[in-house]
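Input: a single structure, listed below in structure tokens.
Protein chains: 2
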Amino acid sequence: MYRIMEKTEKSKKRESYHHGDLRAQLIEATRVLVEDKGPDHFSVSEACREAGVSTAAPYRHFKHKDEMLLAVTKEGMDRKYQRMVAAVEQHPEGSLERIVALGQVYVGFARDEPGVFRLIFGNTRDHKMHEGLMEDGPRHYGFVEGEVAAFLGRGGVDEDAKERAFMLWTFVHGLSFLLIDEKVSSTDHSFDLDRLLLQVARRVMIDSA
Amino acid sequence: MYRIMEKTEKSKKRESYHHGDLRAQLIEATRVLVEDKGPDHFSVSEACREAGVSTAAPYRHFKHKDEMLLAVTKEGMDRKYQRMVAAVEQHPEGSLERIVALGQVYVGFARDEPGVFRLIFGNTRDHKMHEGLMEDGPRHYGFVEGEVAAFLGRGGVDEDAKERAFMLWTFVHGLSFLLIDEKVSSTDHSFDLDRLLLQVARRVMIDSA
DNA sequence: TCGGCTATGTTAGAAACTCTAACTTTGACA
DNA sequence: TGTCAAAGTTAGAGTTTCTAACATAGCCGA
Numbered sequence: 030m031y032r033i034m035e036k037t038e039k040s041k042k043r044e045s046y047h048h049g050d051l052r053a054q055l056i057e058a059t060r061v062l063v064e065d066k067g068p069d070h071f072s073v074s075e076a077c078r079e080a081g082v083s084t085a086a087p088y089r090h091f092k093h094k095d096e097m098l099l100a101v102t103k104e105g106m107d108r109k110y111q112r113m114v115a116a117v118e119q120h121p122e123g124s125l126e127r128i129v130a131l132g133q134v135y136v137g138f139a140r141d142e143p144g145v146f147r148l149i150f151g152n153t154r155d156h157k158m159h160e161g162l163m164e165d166g167p168r169h170y171g172f173v174e175g176e177v178a179a180f181l182g183r184g185g186v187d188e189d190a191k192e193r194a195f196m197l198w199t200f201v202h203g204l205s206f207l208l209i210d211e212k213v214s215s216t217d218h219s220f221d222l223d224r225l226l227l228q229v230a231r232r233v234m235i236d237s238a
Numbered sequence: 030m031y032r033i034m035e036k037t038e039k040s041k042k043r044e045s046y047h048h049g050d051l052r053a054q055l056i057e058a059t060r061v062l063v064e065d066k067g068p069d070h071f072s073v074s075e076a077c078r079e080a081g082v083s084t085a086a087p088y089r090h091f092k093h094k095d096e097m098l099l100a101v102t103k104e105g106m107d108r109k110y111q112r113m114v115a116a117v118e119q120h121p122e123g124s125l126e127r128i129v130a131l132g133q134v135y136v137g138f139a140r141d142e143p144g145v146f147r148l149i150f151g152n153t154r155d156h157k158m159h160e161g162l163m164e165d166g167p168r169h170y171g172f173v174e175g176e177v178a179a180f181l182g183r184g185g186v187d188e189d190a191k192e193r194a195f196m197l198w199t200f201v202h203g204l205s206f207l208l209i210d211e212k213v214s215s216t217d218h219s220f221d222l223d224r225l226l227l228q229v230a231r232r233v234m235i236d237s238a
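Protein sequence lines correspond, in order, to chains A and B.
Residues in the first sequence are numbered from 30 upward in steps of one, following this note's numbering.
Residues in the second sequence are numbered from 30 upward in steps of one, following this note's numbering.
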């Protein structure tokens, strides 16, 4: 699991009245708690205890609890996107490996940070409240569609490319949740993630429309 | 959305001290609230208001809040399973239509009862607390594997059948969540569920291993 | 250097929620 | 008919989110 271990100089017991870095530290505390207890068992109070401030302090930085979660969500989406871009760059343009790599990052992120993954893709009605969050999803997905179209050798993203991209998304999305919800044991000897991703990528990307 | 409208004779304002049907009525109230507000915004107090009893009353029937949700979960799984069996029976044995029908029920259930669907497949660590709930999942999934094997014309469920069944599950699972989480708009003119399910069923079930 | 403004802390407390304890009612059954 | 247990009730402890009113201090202009 993803952990940031570097602690700011004021991480424990500050001596000044003002904290100096509270907003960032609250977001980080929130992220850790979300991973530890799950998004629905996260409490503001606990984050405050963690950061060593009163329970009223966060409300100088966030309108309400959900805004803290949204901050973590946003930050998580950015991180996930960066991983996707980095993964793709390691393979030649238009190759199937790029597609597979995208799937690996998707599932990998879910397993590394299930809490944040849930925030990103779970019940997301309140994403609308966050500035820019609603735009990130389609933009990131557009990137995937572009890769799919590139593999197919099309000029642009046509209907067929969209459909195939959607099948792939659906697949890795479902797989991610089944894994983090422990509906399927990844330790099962017959479970081979890379093989499975390759299988699916082939079945979806190759042959007739 | 699924609604039970029949009201028991004591549904509103009972005159007797004892309720008579509280357990069942609380489960039903819980189910409705879970659909209306989502599983994580459900509160025992509200269910009590709904049923017209004090907030302490449920604790005669359930150990804690989660046990009420588990009851709804269990009941939902049973209902989902029945729908699956019923759907399959409408098509000839070993036909691809049976496979597609299973997918339709899966996604259909998610759309009809997103709240309960989330309970069944969401963060399910506490399913262990419920007697029998942990066994239901594998049993229902075994049924699907059987159908897949039947289509393939195998004697039993071999490794290949298992892998294909898993791909299908993963797909409909992901699709369900993307739909109920509004990551993809089902009203999009290019979105055709039946077509998509058939596409995927073909790609997964037909041709080389 | 000083005075004040504003950002960012604090404490106190309201309202909601989960769950327990102790009490009450009532149906069932010996 | 009398008693017990099941299943309600009220009271309240402890936690939570969030607001209001107050406190501190960093910064900035005179």
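No residue lacks a Cβ here, since even glycine has one placed at the ideal position from N, Cα and C.
In this text the structure is predicted, and so the values were computed from the model without any measurement.
Problem set entry | CA-to-CA distance, L197(B) to D221(B), given in whole angstroms | Translated into positions along the second sequence, residue 221(B) becomes position 192. Translated into positions along the second sequence, residue 197(B) becomes position 168. Rounded to whole angstroms, D221(B) to L197(B) spans 17 Å at the Cα level.
Exercise. If we ignore side chains and look at the alpha-carbon of each, how far apart do V129(A) and L227(A) end up?
Worked result: Here residue 129(A) refers to the residue found at position 100 of the first sequence. Here residue 227(A) refers to the residue found at position 198 of the first sequence. For V129(A) and L227(A), the distance between alpha carbons rounds to 6 Å.
Exercise. So what does DSSP say about G49(B), is it helix, strand or coil?
Worked result: Translated into the one-based positions of the second sequence, residue 49(B) becomes position 20. Looking at G49(B) - three-state DSSP - the assignment turns out to be coil, as it is neither helix nor strand.
Exercise. Does any residue of chain A bring its CB to less than 8 Å from the CB of R127(B)?
Worked result: Mapped onto the second sequence, residue 127(B) falls at position 98. So, not an interface residue.
Problem set entry | Backbone CA spacing between D236(B) and V73(A) [nearest angstrom] | Locating residue 236(B) in the second sequence gives position 207, counting from the first residue. Locating residue 73(A) in the first sequence gives position 44, counting from the first residue. Those two C-alpha atoms are separated by around 53 Å.
Exercise. For chain B, is any of its Cβ atoms less than 8 Å away from the one on L207(A)?
Worked result: Within the first sequence, residue 207(A) is the residue found at index 178, counting from 1. Chain B contact via Cβ: present.
For this session: Would you verify that the beta carbon of E188(B) is, or is not, closer than 8 Å to some beta carbon of chain A?
Result: On the second sequence, residue 188(B) is found 159 positions in, with the first residue counted as 1. Yes, contact with chain A.
Problem set entry | Straight-line gap, R108(A) to A53(A) (C-alpha atoms, nearest Å) | Residue numbering aside, residue 108(A) sits at position 79 when the first sequence is read from its first letter. Residue numbering aside, residue 53(A) sits at position 24 when the first sequence is read from its first letter. Those two C-alpha atoms are separated by around 16 Å.
For this session: For R112(B), I'd like the list of residues in its chain whose CB is within less than 7 Å of its CB, leaving aside the five on either flank, ordered along the chain.
Result: Sequence index remark: in the second sequence, residue 112(B) carries index 83 (1-based). Contacts found: V134, F138.
Problem set entry | 8 Å Cβ shell around F180(A) - same chain, five flanking residues per side excluded | In the first sequence, the residue the question calls residue 180(A) occupies position 151. The answer, listed in chain order, is G123, S124, L125, R127, I128, M234.
Problem set entry | Under 9 Å by beta carbon: chain B residues contacting S219(A) | Within the first sequence, the letter at position 190 stands for residue 219(A). Annotation: Cβ neighbours of S219(A) in chain B (cutoff 9 Å, chain order): E188, K191, E192.
Exercise. Where does E160(B) land, buried or exposed, given buried means 16+ other C-beta within 10 angstroms?
Worked result: Taking the second sequence and counting its residues from 1, one reaches residue 160(B) at position 131. That one is exposed.
Exercise. In its own chain, which residues sit with a C-beta less than 8 Å from the C-beta of D239(B), not counting the 5 before and 5 after it?
Worked result: This structure cannot settle anything about residue 239(B), because the visible part of chain B is limited to 30 through 238.
Exercise. How about T199(A): is its C-beta nearer than 8 Å to some C-beta of chain B?
Worked result: What you label residue 199(A) is simply residue 170 of the first sequence in a count that begins at 1. At least one chain B Cβ lies under 8 Å of T199(A).
For this session: Return the chain-ordered list of same chain residues with a C-beta closer than 8 Å to the C-beta of T84(A), the five sequence neighbours on each side being excluded.
Result: Against the first sequence, residue 84(A) aligns to sequence position 55. Around T84(A): V73, S74, C77.
For this session: Put F138(A) into one of helix, strand or coil per three-state DSSP.
Result: Taking the first residue of the first sequence as position 1, residue 138(A) is located at position 109. Correct three-state label for F138(A): helix.
Problem set entry | Closest residue to A131(A) among D210(A), R193(A), E176(A) (Cα-Cα distance) | Position 102 of the first sequence holds residue 131(A). With the sequence shown as reference, residue 131(A) is identified as Leu, and Ala is not the correct amino acid for it. The candidate whose alpha carbon is nearest that of L131(A) is E176(A).
Exercise. How is E240(A) classed by DSSP in three states: helix, strand or coil?
Worked result: This structure cannot speak to residue 240(A), because chain A is shown only from 30 to 238.
Exercise. So is T153(A) in contact with chain B if we call contact Cβ pairs under 8 Å?
Worked result: As a first step, residue 153(A) must be located in the first sequence, where it is residue number 124. Yes, T153(A) lies at the interface with chain B (some Cβ there is under 8 Å from its Cβ).
For this session: Please classify F206(A): does DSSP put it in a helix, a strand, or coil?
Result: By 1-based counting over the first sequence, the position of residue 206(A) is 177. Note: F206(A) maps to helix in three-state DSSP.
Exercise. With 8 Å set as the bound, which would you pick, yes or no: does the beta-carbon of R232(B) sit closer than that to a beta-carbon of chain A?
Worked result: Counting from 1 along the second sequence, the entry for residue 232(B) is found at position 203. It does: the Cβ of R232(B) has a partner Cβ on chain A nearer than 8 Å.
Problem set entry | Cβ separation of I149(B) and M97(B), assumed to be a contact under 8 Å, to the nearest whole Å | For the purposes of this step, residue 149(B) is taken as the residue at position 120 of the second sequence. For the purposes of this step, residue 97(B) is taken as the residue at position 68 of the second sequence. The C-beta distance from I149(B) to M97(B) rounds to 15 Å, too long to meet the 8 Å contact threshold.
Problem set entry | Best match in R60(B), A100(B), P167(B) for proximity to E79(B) [C-alpha to C-alpha] | Within the second sequence, numbered from 1, the residue matching residue 79(B) stands at position 50. Nearest of R60(B), A100(B), P167(B) to E79(B), Cα basis: R60(B).
Exercise. Do you know offhand how far A100(B)'s Cα is from E211(A)'s?
Worked result: Residue numbering aside, residue 100(B) sits at position 71 when the second sequence is read from its first letter. Residue numbering aside, residue 211(A) sits at position 182 when the first sequence is read from its first letter. Computed Cα separation, rounded: 20 Å.
Exercise. So which of A116(A), L207(A), R193(A) has the shortest CA-CA distance to P167(B)?
Worked result: Counting from 1 along the second sequence, the entry for residue 167(B) is found at position 138. That would be L207(A), whose Cα lies nearest to the Cα of P167(B).
Exercise. Since F172(B) is in the alpha helix (DSSP H), which residue starts that stretch and which ends it?
Worked result: As a first step, residue 172(B) must be located in the second sequence, where it is residue number 143. Segment 162-181, the alpha helix (DSSP H) holding F172(B).
For this session: For H250(B), count neighbouring Cβ atoms within 10 angstroms of its own Cβ and tell me buried if that reaches 16, exposed if not.
Result: Only positions 30 to 238 of chain B appear in the structure, and residue 250(B) is not among them; the question remains open.
Problem set entry | Residues within the region 132-150 of chain A neighbouring chain B, beta-carbon criterion of under 8 Å | R147, F150
Exercise. Is it true that the CB of L162(A) sits closer than 8 Å to the CB of K103(A)?
Worked result: Residue 103(A) sits at position 74 when you count from the first residue of the first sequence. Residue 162(A) sits at position 133 when you count from the first residue of the first sequence. In this structure, the beta-carbon distance from K103(A) to L162(A) falls below 8 Å.
Exercise. Using the beta-carbon count (16 or more within 10 Å), is T199(B) buried or exposed?
Worked result: Here residue 199(B) refers to the residue found at position 170 when the second sequence is read from its first residue. Under this definition T199(B) is a buried residue.
Exercise. If you run the structure through DSSP and keep just helix, strand and coil, what is G81(A)?
Worked result: Position 52 of the first sequence, counted from the start, is the residue given in the question as residue 81(A). Correct three-state label for G81(A): coil.
Exercise. Excluding five sequence neighbours on each side, which residues of the same chain lie with their C-beta closer than 8 Å to the C-beta of R193(B)?
Worked result: Counting from one through the second sequence, the residue named residue 193(B) turns up at place 164. V177, L181, V233, M234, listed in sequence order.
Exercise. Does any C-beta atom of chain B lie closer than 8 Å to the C-beta of E96(A)?
Worked result: Reading the first sequence from its first residue, position 67 is the one you call residue 96(A). Closer than 8 Å: no.
For this session: Give a yes or no on whether the minimum CB-CB distance between V173(A) and chain B is below 8 Å.
Result: Along the first sequence, read from residue 1 onward, the residue named residue 173(A) stands at position 144. By this cut-off, V173(A) is not an interface position.
Exercise. Sorted by chain position, which residues of the same chain lie with C-beta nearer than 8 Å to G185(A)'s C-beta, five sequence neighbours on each side aside?
Worked result: Within the first sequence, residue 185(A) is the residue found at index 156, counting from 1. For G185(A), where only same-chain residues beyond five positions count, the Cβ hits under 8 Å are A178.
Problem set entry | Three-way DSSP call (helix, strand, coil) for T153(A) in this model | Here residue 153(A) corresponds to residue number 124 of the first sequence, with the count starting at 1. In this structure, T153(A) counts as coil in the three-state DSSP scheme.
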